[in-house]
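Numbering (the working numbering), first residue to last: 1 to 93.
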């Protein structure tokens with residue numbers, strides 16, 4: 001098993017390992033949807049839950065899961081820099 005597993009625990013969570021895991025996860029969800037048609041609602045719910053968790057980690061409050069899908073379709077964001085509701089700093093990520 002030498003050479004297969006990282007020597008240090010920090011070697012487990014590299015960006016390449018996370019990217020590979022996400023690729024494998026997406027392939028697994030695709031196989032579930034193709035093999036089991038009833039898996040489609042489950043995979044949609046999983047993807048919305050993932051989006052909701054990701055937005056929550058970025059300090060965005062999400063009250064309804066389907067709001068993630070709706071906000072993803074936005075093409076224009078209108079804003080002002082008055083400082084009324086903000087800290088008078090315009091930041092977009």
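The beta-carbon is built from N, C-alpha and C at its ideal position, and this holds for glycine as well.
Contact under 8 Å by Cβ, residue i with residue j
i          : j          : result
residue 76 : residue 68 : no
Contacting residues, own chain, Cβ-Cβ under 7 Å from residue i (five flanking each side not counted)
i          : result
residue 43 : 29, 32, 33
residue 65 : 48, 49, 52
residue 40 : 33
Sequence-distant residues of its chain with Cβ nearer than 8 Å to residue i (five each side left out)
i          : result
residue 46 : 29
residue 72 : 51
Inter-stretch contact at 8 Å, needing at least 3 Cβ pairs: the region 32 to 39 / the region 49 to 60: Proximity of the region 32 to 39 to the region 49 to 60 falls short of the contact definition, fewer than three beta-carbon pairs being nearer than 8 Å.
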